[in-house]
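What follows is a single structure, written as structure tokens, with notes after it.
Number of protein chains: 2
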Amino acid sequence: MLHGAAISTTQSLRPRAAFETRSTGRPGASIATIASTFKQQAGTTVFAEGERTEGLYEVVSGIVRLHKLMPDGRRQITGFLAAGHFLNLLLQDNFTHTAEAVTEVTLCRYPRTGFQRMVDQNPGLALRLLAATSDELRAAQDQMLLLGRKTAAEKMASFLLAMAELQDDIARGNVVQIPMSRGDIADYLGLTVETVSRTLARLKRDRLIALTSPTEIELLDRDRLEELAAGELAESCR
Amino acid sequence: MLHGAAISTTQSLRPRAAFETRSTGRPGASIATIASTFKQQAGTTVFAEGERTEGLYEVVSGIVRLHKLMPDGRRQITGFLAAGHFLNLLLQDNFTHTAEAVTEVTLCRYPRTGFQRMVDQNPGLALRLLAATSDELRAAQDQMLLLGRKTAAEKMASFLLAMAELQDDIARGNVVQIPMSRGDIADYLGLTVETVSRTLARLKRDRLIALTSPTEIELLDRDRLEELAAGELAESCR
DNA sequence: CGTGCCTTTGAAAGAGCTCAATCCTGGTGG
DNA sequence: CCACCAGGATTGAGCTCTTTCAAAGGCACG
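Protein chains in written order, with our numbering: chain A, 25 to 262; chain B, 25 to 262.
Structure follows, in structure tokens:
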């Protein structure tokens, strides 16, 4: 999940297949035999909350957003997932989230049937799933602190730094690509579109960032952004 | 973790030891041989954020709170844990939370050394940990929706219902025990003490609850509380 | 029967929201 | 090639919910 303390590209199991069973020394029974890869366009739905689960998905490329909805339309995005992350780790009977493609995405699906068997037979697999789930949990807990206790500026700074870290491997300087809309950012940070926009304007005025375009932001002062994200900056700057 | 959708007392592995290895058919090597049980008084610290981890803990009785702190003292409680739940599922090098006893608690500690080995040797154990971690993750995601998008009244209603569900096994009528302080509730819901107090007063005025004492609340209209918690009530009541 | 802590209540202030208008920007079609 | 359009982004003004600051009430404990 996209979040500061949670992002660890080293943990990502790509580009080699995440679920090769070789690591255990067992011959055959490669999970590749049950997996299938496919693409989806930006804006399309991978699966919807309440639907019956059909297995586990791994993001191969692109960005997926997960959200929950309230009856009146209020939305909370619980995470943006990039390559190497998993959808539906909970393996429950029904999806508890809706998953949608933010950009064009490539996904790898591990069907439910067969997968369970494979997990049972393969201890290493369960441990990998445990590690991935733990990472999501840690990210979720950091996000709780953000949602419950941080100011709008602190939230934005945290988000921008997390986006930057997510792109560090393909980084050029301090320019961060923002593929998602302001509405997505707002629903991720527990704000409104207007507040997101105004907060970015304020960070720009304070020379912490530069707005190249709506989808590209330059981090001008990473140190102060980090202080801001951590809540270490005087209230004058919050 | 204490949260509506997440509470499942059936999932709790108590009262029998959570990590008996019998279920796998393996003789000996019972995890009981490395576990130790102990008690702590209300208000004491089990472990603090940043400390080196010493293993995994299971709550046997009582309630533990987990929190994260910001440098200026802002606090977010990420969960209240009751019997059957685990502390430090992440199994990282350092604790990412502080854990404190809300009531007197009995805990069972599984030391780090030995435990890892046991997990490696015992596939069922990894799956159990995965199930427990998944439950925490689901709870965390529900809490994100609460923190990011619910009003104070909706938050309070969600909390009261979660507390009620937690106590269903020992339930007498609709009376819910609230062992934690208003400050704890506030830091769990992303509010202030004053707002918690005022919101409770409002729910009382609207005849949704009755305040027997600060630590005991009666749910007078569970149906409307559930509608409120879900966000299905007109804004007049929110 | 103080003393201190937690809770409740009141009044004022403020951060972020709502409503509304304007500005871009990229895609379309004439 | 360029005007037009639609959707997203930005900006403005006023408002509201929650917070902040302050004080009083209640309860347990010594």
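Idealized CB from N, CA, C, for every residue including glycine.
Predicted model only: the values in this text are computed from it and were never measured.
Query                                                                                                                                                                     : Result
Measuring alpha carbon to alpha carbon, tell me which of B:SER158, B:ASP245, B:ASN198 ends up nearest ASP230 (chain B).                                                   : B:ASP245
Exposed or buried, THR157 (chain B), counting other C-beta atoms within 10 Å across all chains shown (16 or more means buried)?                                           : buried
Can you give the Cα-Cα distance for GLU160 (chain A) and LEU161 (chain B), rounded to whole angstroms?                                                                    : 7 Å
From LEU151 (chain B) to GLU218 (chain A), what does the alpha carbon distance come to, in whole angstroms?                                                               : 44 Å
Since GLN100 (chain B) and LEU169 (chain A) should fall inside the 8 Å C-beta cutoff, what is the C-beta to C-beta distance between them, to a whole number of angstroms? : 4 Å
What residue from B:GLY86, B:ALA210, B:LYS92 has the CA that sits closest to ALA107 (chain B)'s CA?                                                                       : B:GLY86
Could you say which of A:LEU215, A:ASN146, A:ASP208, A:GLU75 lies nearest to THR175 (chain A) if we only look at CA atoms?                                                : A:LEU215
Taking a contact to mean a Cβ-Cβ separation below 9 Å, would you say PHE62 (chain B) touches THR130 (chain B) in this structure?                                          : yes
Determine which residues share a DSSP beta bridge with THR122 (chain B) and list them.                                                                                    : B:HIS91
At which residues does the alpha helix (DSSP H) containing LYS228 (chain B) begin and terminate?                                                                          : 217-229
For MET180 (chain B) and GLU189 (chain A), what's the separation of their Cα atoms in angstroms?                                                                          : 36 Å
Applying the criterion that 16 or more other CB atoms from any shown protein chain within 10 Å of the CB defines a buried residue, is GLY172 (chain B) buried or exposed? : buried
Please list, in chain order, the residues of the segment 80-98 of chain A that have any C-beta partner in chain B closer than 7 Å.                                        : LYS92, MET94, PRO95, ASP96, ARG98
Under a three-way DSSP split, which group does ILE202 (chain B) fall into?                                                                                                : coil
Can you give the Cα-Cα distance for GLY49 (chain B) and PRO147 (chain B), rounded to whole angstroms?                                                                     : With a pLDDT of 41 at GLY49 (chain B), under the threshold of 50, the predicted position of this residue should be treated as unreliable, though the coordinate-derived value follows. Cα-Cα distance, rounded: 11 Å.
Just checking: is the beta-carbon of LEU235 (chain A) within a distance shorter than 9 Å of some beta-carbon in chain B?                                                  : no
Any C-beta of chain B sitting closer than 9 Å to the C-beta of ARG173 (chain A)?                                                                                          : yes
Classify ASP144 (chain A): buried if its beta carbon has 16 or more other beta carbons within 10 angstroms, exposed otherwise.                                            : exposed
Measure the alpha-carbon distance for PHE71 (chain A) versus PHE104 (chain A) and round it to whole angstroms.                                                            : 15 Å
Count the other CB atoms within 10 Å of the CB of ARG76 (chain A); is the residue buried (16 or more) or exposed (fewer)?                                                 : exposed
According to DSSP, simplified to helix, strand and coil, what is LYS174 (chain A)?                                                                                        : coil
For the beta strand (DSSP E) containing THR236 (chain A), name the first residue and the last one.                                                                        : 233-237
If you draw a straight line from the C-alpha of ALA164 (chain A) to the C-alpha of ASN198 (chain B), how long is it?                                                      : 32 Å
Which stretch, first to last residue, makes up the alpha helix (DSSP H) that contains GLU251 (chain A)?                                                                   : 246-254
Please list the terminal residues of the continuous alpha helix (DSSP H) segment that includes THR137 (chain B).                                                          : 136-145
DSSP has GLN100 (chain A) in a bridge; who is on the other side?                                                                                                          : A:LYS92
DSSP three-state label for GLY49 (chain A), please.                                                                                                                       : For GLY49 (chain A), the predicted model reports a pLDDT of 42, less than 50, meaning its position is unreliable and no value from the coordinates is stated.
Residues in the same chain with beta-carbon distance under 7 Å from GLY255 (chain A), minus the five sequence neighbours each way, listed in chain order, please.         : LYS174, GLU178
Along the beta strand (DSSP E) that carries GLU78 (chain A), what are the first and last residues, could you check?                                                       : Taken as a continuous stretch (DSSP letters only), GLU78 (chain A) belongs to no beta strand (DSSP E), as it is neither H nor E.
Here's the rule: buried if 16 or more other CB atoms are within 10 angstroms of the residue's CB, otherwise exposed. What is GLY79 (chain A)?                             : buried
What's the gap between the Cα of GLN116 (chain A) and the Cα of PHE139 (chain A)?                                                                                         : 13 Å
Can you tell me which of the three DSSP states THR157 (chain A) falls into?                                                                                               : helix
Taking the DSSP output, what are the residues bridged to LEU111 (chain B)?                                                                                                : B:TYR81
ILE241 (chain A) lies in the beta strand (DSSP E); which residues open and close that run?                                                                                : 240-243
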